[in-house]
Amino acid sequence: MNAEVLPRASCCIYCGASNATGYLKPLSTEHIVPLALNGDLILPDASCERCQKITGTTEQIVLRGHYRGLRIQQGWKHRKKNEQPTELPIFLPDPAGGRDIRRMVPLAEYPYVSFFFDLPTPGILIGILPEWEYGLKYRWLRLQATGVDPPVTSENLTTFSTPSLDLHSFCRMIAKIAHAFAAAKVGLHSFVPLLEPIILGNATNFYHFVGGFPGATEMPIADKPYEISLSRETCSGRTYLVAKIRLFANVPGSRAYQAVVGKIASSNEI
Ligand SMILES: [Zn+2]
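For the sequence shown, counting from 1, position 246 maps to 246 in the working numbering; every step adds exactly one.
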């Protein structure tokens, strides 16, 4: 993997902390797409300690949750070699009806299921008002699960519980990747950011800014682990900077998502 190191940010891209604002600790390097997803875009001096902790915690929930099996199947390693487990837990229904039973399975036999959230278009791009309550009925959420691999044969297992699916953390991770990518590629001065409250856990209106491409046909398998790009979209006379992100782009059935990074003046060039 050849990392692309982008020009240093010299301030926290999430909260604005910098030497000039009195933040005296070193700023940490941001992996725009998490390293655990084979991300190779690096933005130096880009996060304060507090924001790093928040974004890191969110990513861990997703990467150790429903993405864990997929990452193992892809052979994507942990950052530190000694953190690489040799076996992982799966959870089996208790025949007696009690709590699920935890069973350790060797890595090579750990079953994975590809889960991809099928999300609606971000509300802001289709004229939905910010105060709209995205109740369950209007979330239009579907899950697509593809085959289990390897088949669940180890220890004569016939069934197992899937890892937890945390849609909120997933949306926050997509928002973070989108914001960091835009900050690195076009600079924070190019747009009025919209995603920081979601990224930092201060807002829960995910579906207004983060979504998918409902009705899109299945995308061809890419030869790289992720795809990311920026575009401009207009709705109700406003122009927005939008990041399109596809993780696991090399896995059949993987979806693309979009996050509305910020408002831009229509005369600005990207
Ligand atoms: Zn910060």
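Just so you know, even glycine gets a beta-carbon here, dropped at the ideal spot from N, CA and C.
Quick one: does the C-beta of residue i sit closer than 7 angstroms to a heavy atom of ligand 1?
i            : result
alanine 17   : yes
serine 10    : no
arginine 99  : no
arginine 64  : no
serine 28    : no
arginine 172 : no
arginine 50  : yes
tyrosine 14  : yes
serine 47    : yes
According to DSSP, simplified to helix, strand and coil, what is residue i?
i                 : result
histidine 66      : coil
serine 254        : coil
valine 33         : coil
serine 10         : coil
proline 111       : coil
leucine 27        : coil
phenylalanine 206 : helix
lysine 244        : strand
lysine 53         : helix
isoleucine 72     : helix
asparagine 19     : helix
threonine 58      : helix
leucine 230       : strand
leucine 125       : helix
Between residue i and residue j, which are expected to be in contact by the criterion C-beta below 8 angstroms, what is the C-beta distance as a whole number of angstroms?
i              : j           : result
isoleucine 264 : tyrosine 14 : The pair is not a contact, with the Cβ atoms about 19 angstroms apart (cut-off 8 angstroms).
threonine 29   : leucine 43  : 7 angstroms
Is it the case that the region 223-230 contacts the region 115-122, given that we only count it when at least three CB pairs across the two stretches are under 8 angstroms? no
Any contact of the region 120-132 with the region 252-265, i.e. 3+ C-beta pairs under 8 angstroms? As far as the Cβ criterion goes, the region 120-132 touches the region 252-265, which means the pair count is three or higher.
Inspect the CB distances between the region 212-223 and the region 163-175 and report whether three or more fall short of 8 angstroms. No, because fewer than three Cβ pairs between the region 212-223 and the region 163-175 fall closer than 8 angstroms, the two stretches do not touch.
Please list the segments of the beta strand (DSSP E) lying wholly inside the region 166-225, counting only runs of 3 or more residues, in order along the chain. 210-212
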